[in-house]
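Each residue of the sequence shown is one higher than the one before, starting from 13 at the first, in our numbering.
Ideal Cβ positions, reconstructed from N, Cα and C, are used throughout, including at glycine.
Keep in mind the model is a prediction, meaning the values are calculated, not measured.
As structure tokens, the structure follows; a few thoughts come after it.
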Amino acid sequence: MTTAEAYAKFGSREARGVSPTYERLSQAVAHDDDLLALLDGLPPAKRQPNLLLGVVRWLGGPVDDPVAFHDYVLTHWPAIEAQMLTRATQTNEAGRCAVLLPVLAALPQPLALLEVGASAGLCLYPDRYGYRYGDHQVGSGEPVLDCAATGLVPPARVPRVVWRAGLDLNPLDVTDPDDVSWLDALIWPEQAHRRARLRAAAAVAAADPPLLVRGDLVDDLPALAARAPADATLVVFHTSVLYQVPRPRRDAFVRLVRELPGHWVANEGSEVLRYDALPEPPNDAHHNVLALDGKPLAWARGHGQEMTWFG
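If you want it as structure tokens, here you go:
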């Protein structure tokens, strides 16, 4: 896929109906030869729309007008390029816990959670948040995470978590204002509710920080998994992470995680982890496939706002 195609696809599949600002900008970039030439000078993994848009927002650049965006990027490209080369899209959306919760609540309790690509670890607290699936509410914590769920009987209670750890190439610290400002910049412009949710979830994590380890998802996973308490069910999970991992390394991770004790919960795009005979997704928006131990269970939107359970 060319850079232009990647930006056009992002606008039509991920941003459409969610962020008019990013839909408009990504389509403009897809047809902007000047910006495409700059992006194509970056390593392929660093050309992604969320990274460019997040860096421009973090630097204080304009995102509400494609012409102003074009001019800003051309003028400030050295600073933008430096940030794109050193930063990564580490969207840490606590709302994703809403699609993980039905799986986690059904596993043998208590749980030892290990998130791969944990960012600041906000998805390691599914037991601390509240949830709303239509009229059904689960848990009493804050923030309350809303999820439109089809074909699902919501769980009766939140899981019991006795150990939580994360693995990331560049873990973020919710007590560091610079790290939190980067997480904020990754939230799409119109989504004030996600900013409020970030602040509430960050307060939860800061009050009881998780174990976050800087490391590789293959080389360093076994040692961290071995630190989980033996009397808890180990759950290795990840959401929208593996698309950033080259396929040979991705395949090595899948082989490794299948050999670990406990369970593996994946929430990735169908083009990232492939499954046989998936049903048609409910609409044209981008969906992940929620899977347990390699078995696909549901379509799930990327920020946890919606899920469609398979029959």
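Extent of the continuous alpha helix (DSSP H) to which residue i belongs
i	result
residue 324	Here the chain covers residues 13 to 323 and nothing more, so residue 324 does not appear.
residue 196	189–197
residue 271	259–271
residue 148	Not the alpha helix (DSSP H): residue 148 falls in the beta strand (DSSP E), residues 148–150.
residue 81	78–87
residue 68	61–70
residue 250	No alpha helix (DSSP H) contains residue 250, which is instead part of the beta strand (DSSP E) from 245–251.
residue 209	204–219
residue 16	15–21
residue 40	32–42
residue 47	45–51
residue 284	Segment: none, residue 284 is in no alpha helix (DSSP H) and carries neither H nor E.
Alpha-carbon to alpha-carbon, residue j and residue i
i	j	result
residue 181	residue 103	14 Å
residue 83	residue 140	44 Å
residue 216	residue 43	42 Å
residue 185	residue 25	31 Å
residue 306	residue 280	11 Å
residue 92	residue 191	17 Å
residue 101	residue 150	30 Å
residue 31	residue 203	8 Å
residue 197	residue 261	29 Å
residue 116	residue 89	44 Å
residue 274	residue 77	49 Å
residue 218	residue 225	16 Å
residue 56	residue 63	12 Å
residue 152	residue 256	34 Å
Burial state of residue i, where buried means 16 or more other Cβ atoms lie within 10 Å
i	result
residue 79	exposed
residue 271	exposed
residue 242	exposed
residue 277	buried
residue 195	buried
residue 332	This structure gives no information on residue 332, because the portion of the chain shown stretches from 13 to 323.
residue 13	exposed
residue 250	buried
residue 165	exposed
residue 283	exposed
residue 162	exposed
residue 207	exposed
residue 129	buried
residue 209	buried
residue 131	buried
Beta-carbon proximity check, residue i vs residue j, cutoff 9 Å
i	j	result
residue 299	residue 313	yes
residue 37	residue 75	yes
residue 86	residue 58	no
residue 268	residue 234	yes
residue 61	residue 18	yes
residue 301	residue 310	yes
residue 291	residue 265	no
residue 297	residue 29	yes
residue 133	residue 189	no
residue 223	residue 177	yes
residue 212	residue 154	yes
Run of the beta strand (DSSP E) containing residue i, from where it starts to where it stops
i	result
residue 175	173–180
residue 162	160–162
residue 145	142–145
residue 304	299–304
residue 277	275–281
residue 312	307–313
residue 225	223–226
residue 126	123–128
Chain D within 9 Å of residue i, Cβ atoms only
i	result
residue 96	Protein chain content of the structure displayed is limited to a single chain, and chain D is not contained in it.
### Query
Do three or more CB pairs link the region 121–130 to the region 243–257 at distances below 8 Å?
yes
### Message
When you compare the region 40–58 with the region 67–74, are there three or more beta-carbon pairs, one atom per stretch, that lie closer than 8 Å?
### Response
no
### Task
Pair every Cβ in the region 167–176 with every Cβ in the region 142–158, then say whether three or more of these pairs are closer than 8 Å.
yes
### Query
Should the region 144–162 be called in touch with the region 100–117, which here means at least 3 C-beta pairs below 8 Å?
yes
### Message
For the structure I just gave you, are there three or more beta carbon pairs, one from the region 175–190 and one from the region 228–242, closer than 8 Å?
### Response
yes
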